[in-house]
Ligand SMILES: [Zn+2]
């Protein structure tokens, strides 16, 4: 049965009527449709652009498809109706079109250097095998590959790039040749420089960004997914590491402390920024609203820009059209104007996914 929605449509900022027929949006009236929204502020469904459905609480890979379903439902019930999975050790392609789950843009497994990333999560390879591994993981995902750009090097006692610039450039080229986009995890200054210059499509975290690199990202259209929730955990990481690796601990704290300034500068320079929580492992699912509030309160992004970064702009970036004629039937509704007080994003009053009322 068709659904009817009436409210202030964002980003257009007009009271509109729209109809959901199956999984499609139309502005042509559909007689007999059931009205499920009358009033409030209506947005295209939210996106978590950095999330891990395949990593269980605590950091181990999930062991069943039901676990993936369960985690994705937590996000859905918070209004997140599209997810970019930024690396999964457990394949779950059968959920791509699941009727009751968010839309999925998935990377395959993380491509990581040997013994330097989270245990059992990535495919760990030396420089000579990176490009071919990227090509293989492009098939495992559905549009993205995930590279680990840096991690602690215990020999050095600090963050260090996973591979050299030539290897990274070949890795990004291999992704593009396979028809997918490449996302890279980076914390350090050195690795993010290599990766932005290598032409990566999205920088995850990006704590080491300089103003010069931010300008280059803006010119290239390279996206930034800051995951501010994750960066707040750096204090705990530093505490644990301090006994053996004091230089690394200090580095992590310095990166954490300057990060809001980095995100603010990137936004002001015109770098496309998207909301990602890094849920999975140490961070709970369902926290997209909290990441949105951090982007506003700590990085100074205006509420409407945060909403774009979570909703219409993020969906466009991932290829999931919003509330336009023929668009996808995903929406969230808030009782008050989220541009006036962003905190209302914590409490959606209506969630519709693929033309079905979730709440
Ligand atoms: Zn992640």
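Numbering (the UniProt record's numbering), first residue to last: 1 to 359. In this text, a Cβ means the ideal position worked out from N, Cα and C, and glycines have one as well. Please read all numbers here as calculations on a predicted model, not as lab measurements.
{"Query": "Per DSSP, what kind of secondary structure is residue 341 in: helix, strand or coil?", "Result": "coil"}
{"Query": "By how many angstroms is the C-alpha of residue 75 removed from the C-alpha of residue 91?", "Result": "19 angstroms"}
{"Query": "Assuming residue 52 is part of the beta strand (DSSP E), what are its boundary residues?", "Result": "First-last for residue 52: undefined, no H or E at that position."}
{"Query": "Rounded to whole angstroms, how far is the Cβ of residue 7 from the Cβ of residue 333, which I believe are closer than 8 angstroms?", "Result": "6 angstroms"}
{"Query": "Over what stretch of residues does the alpha helix (DSSP H) that includes residue 163 continue unbroken?", "Result": "Where residue 163 is concerned, there is no enclosing alpha helix (DSSP H), given that its DSSP letter is neither H nor E."}
{"Query": "Excluding the five sequence neighbours on either side, which residues of its own chain have a C-beta within less than 6 angstroms of the C-beta of residue 116, listed in chain order?", "Result": "151"}
{"Query": "Let's see if you can read the secondary structure: which residues bound the alpha helix (DSSP H) around residue 190?", "Result": "189 to 197"}
{"Query": "Given a cut-off of 8 angstroms, decide if residue 82 and residue 103 are closer than it, judged by their beta-carbon atoms.", "Result": "yes"}
{"Query": "Along the chain, where does the beta strand (DSSP E) that runs through residue 34 open and close?", "Result": "34 to 44"}
{"Query": "Confirm the yes/no value for this check: CB of residue 52, any heavy atom of ligand 1, distance under 7 angstroms.", "Result": "yes"}
{"Query": "What is the DSSP secondary structure of residue 47, reduced to helix, strand or coil?", "Result": "strand"}
{"Query": "For ligand 1, I want to know if residue 68 counts as a neighbour, meaning its beta carbon is within less than 7 angstroms of at least one of the ligand's heavy atoms.", "Result": "no"}
{"Query": "Taking residue 269 and residue 231 to be in contact with their CB atoms under 8 angstroms, please state how far apart those CB atoms are, rounded to whole angstroms.", "Result": "Actually they are not in contact, since the Cβ atoms of residue 269 and residue 231 sit about 19 angstroms apart, beyond 8 angstroms."}
{"Query": "What are the start and end residues of the beta strand (DSSP E) that includes residue 186?", "Result": "181 to 186"}
{"Query": "Decide if the stretch 17 to 37 is in contact with the stretch 47 to 55; the criterion is three or more beta carbon pairs, one per stretch, under 8 angstroms apart.", "Result": "no"}
{"Query": "What are the start and end residues of the alpha helix (DSSP H) that includes residue 261?", "Result": "246 to 269"}
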